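Report on the structure given below.
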DNA sequence: TAGTAGTGAGACAGACCTGTCTCACCACAA
DNA sequence: TTGTGGTGAGACAGGTCTGTCTCACTACTA
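Below is the structure:
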């Protein structure tokens, strides 16, 4: 009823499908994966159950789709940030700053990928793989930036450390200590980069 | 049947109760909190459902008890390590090493407190509070160690950073990269401490 | 012997879970 | 007009969830 397809959208690209993904994302973020039932998703998305099951093979398939969609958006945003390119240190600091702004959002509720790992943490599981992909992509992005400042091996170690700082900061932000976490992460990242460069 | 109370145990201290907590811990760790049903816990603990509900008010009560029990064990182990006291830098390195050994255990499956936060992440929730308590306790412990090397304010920042490294490393270990994570965490912690001491 | 505390076994209630199915409806195209 | 594809509504199956309840049993103590 409230979801008329506007003329410029091809129904094939399915606004319903996207709407289901967005609603599921919000609920998974707020309530968790197991705690969110299909019935709740279709009620809040205002679609019939069959509409959901025509677009996704199962709840797990929907979860994977939600994670992949969030991964695409995450990459887009970091790509956009990288396009306003600066010096390497500034770029790492910008990434940390991006996390700091995320932590301050009213709808922040921790990292969906980390939560997915907590609830579906078996290697080989598609949900597990989707989460690993996102973390590894961020780490590689940072290693690429740091390689301009230090050796490749040093950049690997430093990017791993900074990824850990970011993941730890996200956990602290979940516990209401995001500001303190970001300050410490910024300083620690700068110490790590300075030490890596010195070698 | 297989759970005869041996004479030296007072039945009041309830070996059943402890056995339920241990079984629940194993299942929560392996499967997650929502994914583990009461029926599964009592079946594997080989106790009647009423035995469980006489000892714990609800599943949530059991979860809190499991977390508190793990917290006590965690503190005990770090206390024991601290008793073999060394220089401050060595103590931080020992804590990181302790995590490294944990990552290598066959039954390692991520941090139960972080997982609990992912599944019951609303401030004020007793599960949330139990998780925050564990993280904050570790951070304060490290801040105390670092205060011997630098100013109190510096020690606060550095302990926050090292806690984040540890939490991030735990996440990476869940993704099968524990060894790499521990190496990077060790080096980063040493860089952070060196920088904090220099100020 | 009688009483008591803890327990086992399992039925039960009432809710919720995922996933399937049918049937009616509507917009649009040939 | 007659199809066709997407959808809505909701029944349904078969299972699982938490939590309560009863009744019988055992070990121990007074």
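Protein chains in written order, with this note's numbering: chain A, 17 to 215; chain B, 17 to 215.
The beta-carbon is built from N, C-alpha and C at its ideal position, and this holds for glycine as well.
Since the model is a prediction, treat every value here as computed from it, not as a measurement.
Could you tell me the alpha carbon to alpha carbon distance between residue i and residue j, rounded to whole angstroms?
| i | j | result |
| --- | --- | --- |
| residue 37 of chain B | residue 207 of chain A | 43 Å |
| residue 63 of chain A | residue 188 of chain A | 36 Å |
| residue 145 of chain A | residue 83 of chain A | 10 Å |
| residue 178 of chain B | residue 201 of chain A | 9 Å |
| residue 79 of chain B | residue 35 of chain B | 14 Å |
| residue 42 of chain A | residue 215 of chain B | 44 Å |
| residue 48 of chain A | residue 102 of chain B | 43 Å |
| residue 161 of chain A | residue 197 of chain B | 19 Å |
| residue 92 of chain B | residue 112 of chain A | 35 Å |
| residue 168 of chain A | residue 168 of chain B | 35 Å |
| residue 55 of chain B | residue 68 of chain B | 10 Å |
| residue 183 of chain B | residue 74 of chain A | 32 Å |
| residue 158 of chain A | residue 116 of chain B | 24 Å |
| residue 57 of chain A | residue 72 of chain A | 13 Å |
| residue 163 of chain A | residue 53 of chain A | 45 Å |
| residue 77 of chain A | residue 138 of chain A | 16 Å |
| residue 100 of chain B | residue 99 of chain A | 52 Å |
Note down, in chain order, each residue of its chain lying with its Cβ closer than 6 Å to the Cβ of residue i, except the 5 sequence neighbours on either side.
| i | result |
| --- | --- |
| residue 147 of chain A | 129, 132 and 133 |
| residue 194 of chain B | 119 |
| residue 165 of chain B | 104 and 213 |
| residue 95 of chain B | none |
| residue 127 of chain B | 186 |
| residue 142 of chain B | 80 |
| residue 150 of chain B | 87 and 129 |
| residue 156 of chain A | none |
| residue 19 of chain B | Confidence in residue 19 of chain B is poor, its pLDDT being 28 and thus under 50, which makes the residue's placement too unreliable to answer from. |
Measure from the alpha carbon of residue i to the alpha carbon of each residue in the options, then state which is nearest.
| i | options | result |
| --- | --- | --- |
| residue 44 of chain B | A:136, A:57, A:99 and A:213 | A:136 |
| residue 70 of chain A | A:158, A:32, A:163 and A:93 | A:32 |
| residue 154 of chain B | B:141, B:46, B:174 and B:140 | B:174 |
| residue 46 of chain A | A:168, A:98, A:211 and A:124 | A:124 |
| residue 176 of chain A | B:199, B:77 and B:67 | B:199 |
| residue 192 of chain A | B:152, B:68, B:54 and B:74 | B:152 |
| residue 60 of chain A | A:40, A:76 and A:73 | A:40 |
| residue 140 of chain A | B:117, B:190 and B:98 | B:190 |
| residue 170 of chain B | B:100, B:209 and B:150 | B:209 |
What residues in its chain sit with their C-beta under 8 Å from that of residue i, if we drop five residues either side in the sequence?
| i | result |
| --- | --- |
| residue 121 of chain A | none |
| residue 50 of chain B | 135 |
| residue 114 of chain A | 93, 94 and 97 |
| residue 65 of chain B | 54, 55 and 58 |
Under 6 Å: does the beta carbon of residue i sit that close to some heavy atom of the ligand ZN?
| i | result |
| --- | --- |
| residue 120 of chain B | The ligand ZN is not part of this structure, which contains no ligands at all. |
Apart from the five residues on each side of it in sequence, which residues of its chain come closer than 7 Å, Cβ to Cβ, to residue i?
| i | result |
| --- | --- |
| residue 181 of chain B | 201, 204 and 205 |
| residue 211 of chain B | none |
| residue 172 of chain A | 159 |
| residue 26 of chain B | Confidence is the limiting factor: at residue 26 of chain B the pLDDT is only 32, short of 50, which leaves the residue's position unreliable and the question unanswerable from this model. |
| residue 17 of chain A | Because residue 17 of chain A sits at a pLDDT of 30, beneath the cut-off of 50, its placement in the model cannot be relied upon, and the following sentence gives the value as read from the coordinates. Contacts found: none. |
(Q) Give me the subset of the region 157-183 of chain A whose CB atoms are less than 9 Å from a CB atom of chain B, sorted by chain position. (A) 172, 173, 174, 175, 176, 177, 178, 179, 180, 181, 182 and 183
Q.
Quick check: the region 105-112 of chain B against the region 84-91 of chain B, are at least 3 beta-carbon pairs closer than 8 Å?
A. no
Q) What residues from the region 119-149 of chain A come within 7 Å of chain B, judged by C-beta to C-beta, listed N to C? A) 125, 126, 130, 131, 133, 134, 135, 137, 139 and 148
Q.
If the cut-off is 8 Å on Cβ atoms, which residues from the region 97-122 of chain A count as contacting chain B, listed in chain order?
A. none
Q. Using Cβ-Cβ distances below 7 Å, what residues of the region 46-68 of chain B are close to chain A?
A. 48, 50 and 51
(Q) For the region 190-203 of chain B, list every residue whose C-beta sits within 9 Å of some C-beta in chain A, in sequence order. (A) 190, 191, 192, 193, 196, 197, 199, 200, 201 and 203
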